[in-house]
Amino acid sequence: MELKVNITSPLKGRLEAVLFSSDEPLRLERLQSIFEVDLPQLKDALQELLIDYAQPGRGVVLQEIAGGFQIRTRSEYAPWIVKLNRNRTTRLSKAATETLAIIAYRQPVTRAELEYLRGVDSGGIVRTLMDRQLVKIVGKKDVPGRPLLYGTSRHFLEFFGLKDLSELPNLHEFADPDEVSLPLEMDFDGDGSS
Amino acid sequence: MELKVNITSPLKGRLEAVLFSSDEPLRLERLQSIFEVDLPQLKDALQELLIDYAQPGRGVVLQEIAGGFQIRTRSEYAPWIVKLNRNRTTRLSKAATETLAIIAYRQPVTRAELEYLRGVDSGGIVRTLMDRQLVKIVGKKDVPGRPLLYGTSRHFLEFFGLKDLSELPNLHEFADPDEVSLPLEMDFDGDGSS
Amino acid sequence: MALSYEVKLDTFEGPLDLLLHLVSKNEMDIYDISMSCITAQYLRYLEQVQEQNLDVASEFLVMAATLMHIKSRMLLPKAEPEEFENEEIDPRAELVQRLLEYRRYKEGAQQLEEYPQLNREVFVRPETVNTVDDGASSAVSEVGVYELVKALRELLKEPPEPIIHAVVKTPLSVADGIQHVLQCLRQQQYLPFRECFCAMPQRDEIIITFIAVLELVKLQLCKIVQLNQHGMIYLYPSDAVRSGRVTSVDGIKSEYH
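Those protein sequence lines, which keep their order, are chains Y, W and R. Just so you know, we're using my numbering here: the first sequence kicks off at 1 and counts up by one. Just so you know, we're using my numbering here: the second sequence kicks off at 195 and counts up by one. Just so you know, we're using my numbering here: the third sequence kicks off at 389 and counts up by one.
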């Protein structure tokens, strides 16, 4: 492909208009099918747009989120937007964030496993997280009782602005796994004796 | 790239973020009260932003509308946005989800039974679900009039990522502990007095 | 020592959180927890909760029992090798494992908490309401199975009005009923009344058929015969009906309906 030095690339404008009007991240394939262009061409235009939106002093940024692209406000401007519409934010409670973190890192995970890890009943919180569409059912575990398995949703990625799950913050590994001999596989769901 | 000679005023960024996140045009007075700045200062920043958004090749424009300011897509890009919306993914409406839930859990089920549970005519929604291939006709019920029986399709399983129908969660798996037990079995066909 | 601090009750997410707090408060090595010390402090905490007339969540009590169990096992003389195959396993091992894991996830949650969150630090274009029912749009977005359960649960919470049932399911008029009975009686010497119905009749169907039979009796197109009290009811059609000369009755439609 030739160097796209074209400043006023119409594709870039089209991209901006479409990205601007979407309330969800748009995947490359989706953009391609809308504009009917080659992937390299699309990527070039996207690259130009990414640079424009990375300019200092801008209030918005073009980000890769949940496998797609989305224009979002920059987090430092949050106070002003909150002022614009006061009623929009609902915080996750500490317990909800904790549960969500375990689900995110351990997925797929059963409720029994969650509760073993947290040490407390978590049914209500799981329901809340599902109501907020941060968590979804991903299957049933192949053990007696066939308990439901939970995982994070695509909205979870959007919620925290992650490209994918690999962008989750790293967890500290145990200091020295040899120091304690631990049962690596624990029986959570079988006889319920844990 | 356009000449970015202007000083990157933080007010401009704030303005952009707030205008971006608003779903209605914002009047000067409203902006002033959000940012707590002098009118001339606000107007200067707005002027800078207007120039940025007036650059050729952009997909969006900052416009004065109904006495306020709003960022909008440029009209020449309308066809692409129409295309975006046409093949956009839509949520199942509440009514459709409700209907699908009854069909999934009660199948095979007649339209009369559906309407009994939902309390409203459901013909249109059943048709929509059939168009989307989530629901199909599975037979006729052996009662006068031989009404059609509906059930979920193979696509339904794919759509929800289920191996088979036994993977549907049990209703009681999400029960609130303090919730009264629900009448899971209802008498549709006996004397209709339930 | 245990009395030297007050614990705020709502600070802890659960027994593991409390234990972790006690471990770090006492600057213990998490791999070498003093069971007697931590158990005492843990129990003291539960007492404080009870002193304030608050219920101690059962999870905390379970953990108290676990702690005391571990403590007692630590005090036991070393078990006979044949009695405990894994006699080298520290009684605290599982607890330590749980605490380590819990700490890891707690840290993960704290980091996650600091991430910019949608509609808290970061905003996107306002969602345009776009729920389409008419099948015009091609794709359906991620709807979890949970949405289905939720929808059904909500429906079942409010049992529907039975009246709607009857309204929806009334396909028959009295004229239809008469026609149906006449058809049943054709070529019949007599007919058990119940054979005018299908195997599982709807209530409205029963009523309409019953009215139809009364109407036919009034028009002298059939007779009702019962051989003994509580016995089977038979319909005896007139000749005209039996031979099929009368297959419908005019004027009924306008009279009833």
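Each residue gets a CB set at the ideal place from its N, CA and C atoms; glycine is no exception.
Item	Value
Could you check where the beta strand (DSSP E) with residue 502 (chain R) kicks off and where it finishes?	It is not in any beta strand (DSSP E) - residue 502 (chain R) instead sits in the alpha helix (DSSP H) that spans 481-502.
According to DSSP, what are the bridge partners of residue 611 (chain R)?	R:624
According to the Cβ coordinates, are residue 408 (chain R) and residue 429 (chain R) closer than 8 Å?	no
How many angstroms separate the CA atom of residue 347 (chain W) from the CA atom of residue 134 (chain Y)?	27 Å
Quick check: the Cα distance between residue 94 (chain Y) and residue 100 (chain Y), rounded to an integer number of angstroms?	10 Å
Give the DSSP-derived three-state secondary structure of residue 569 (chain R) in the structure shown.	helix
Please work out which residues of its chain come closer than 7 Å, Cβ to Cβ, to residue 624 (chain R), disregarding the five sequence neighbours upstream and downstream, and give them in chain order.	578, 610, 611 and 613
Residues bridged to residue 344 (chain W) by DSSP?	W:303 and W:331
In terms of residue numbering, what span does the beta strand (DSSP E) encompassing residue 256 (chain W) cover?	254-259
Taking residue 537 (chain R) as the query, report the chain W residues whose CB atoms sit under 9 Å from its CB, ordered along the chain.	295, 299, 362, 363, 364, 365, 367 and 368
Label residue 235 (chain W) either buried or exposed according to how many other C-beta atoms from any shown protein chain fall within 10 Å of its C-beta, with 16 as the threshold for buried.	exposed
When you check each C-beta in the segment 70-96 of chain Y against every C-beta of chain W, which residues fall closer than 7 Å?	73, 74, 77, 80, 81, 83 and 84
Start and end of the beta strand (DSSP E) containing residue 69 (chain Y)?	68-73
Using beta carbons (cut-off 8 Å, strictly below), is residue 17 (chain Y) in contact with chain W?	yes
Am I right that residue 222 (chain W) and residue 233 (chain W) are in contact with their C-beta atoms under 8 Å? What's the rounded C-beta distance?	7 Å
Identify the continuous alpha helix (DSSP H) that holds residue 275 (chain W) and give its terminal residues.	272-280
Between residue 97 (chain Y) and residue 211 (chain W), how many whole angstroms is the CB-CB distance? I'm expecting something under 8 Å.	Actually they are not in contact, since the Cβ atoms of residue 97 (chain Y) and residue 211 (chain W) sit about 25 Å apart, beyond 8 Å.
Report the rounded CA-to-CA distance for residue 459 (chain R) versus residue 492 (chain R), giving the unit in angstroms.	25 Å
Residue 304 (chain W) and residue 362 (chain W): beta carbons closer than 8 Å?	no
Residue range of the alpha helix (DSSP H) that residue 90 (chain Y) falls in?	No alpha helix (DSSP H) contains residue 90 (chain Y), which DSSP labels as neither H nor E.
Since residue 406 (chain R) contacts residue 433 (chain R) with CB under 8 Å, what's their CB separation in whole angstroms?	6 Å
Determine the chain R residues that contact residue 20 (chain Y) at a beta-carbon separation under 9 Å, and present them in chain order.	513
Apply the 10 Å Cβ neighbour rule to residue 218 (chain W) and answer buried if 16 or more other Cβ atoms are within range, or exposed otherwise.	exposed
Taking Cβ positions, are residue 626 (chain R) and residue 567 (chain R) nearer each other than 8 Å?	no
Please check if any C-beta of chain Y sits within less than 8 Å of the C-beta of residue 403 (chain R).	yes
What is the residue span of the alpha helix (DSSP H) that residue 403 (chain R) lies within?	403-413
If you draw a straight line from the alpha carbon of residue 630 (chain R) to that of residue 575 (chain R), how long is it in whole angstroms?	5 Å
Please confirm whether residue 652 (chain R) has its beta-carbon closer than 8 Å to some beta-carbon of chain Y.	Within the shown structure, residues of chain R are numbered from 389 to 645, placing residue 652 (chain R) beyond reach of any answer.
How about residue 461 (chain R): is its C-beta nearer than 8 Å to some C-beta of chain Y?	no
Give me the Cα-Cα distance between residue 277 (chain W) and residue 35 (chain Y), rounded to the nearest whole angstrom.	9 Å
Going by Cα to Cα distance, which pick from R:541, R:570 and R:572 is closest to residue 366 (chain W)?	R:541
What residue range is occupied by the uninterrupted alpha helix (DSSP H) comprising residue 320 (chain W)?	317-325
Should residue 126 (chain Y) go down as buried or exposed, given a rule of 16 or more other Cβ atoms within 10 Å for buried?	buried
Buried or exposed: residue 12 (chain Y), going by 16 or more other Cβ atoms within 10 Å of its Cβ?	buried
Is residue 528 (chain R) helix, strand or coil when you go by DSSP?	Only weak support exists for where residue 528 (chain R) lies, its pLDDT of 46 falling under 50; the coordinates are left without a value.
Ordered along the chain, which non-local residues of its own chain (more than five positions away) have a Cβ less than 8 Å from that of residue 353 (chain W)?	328
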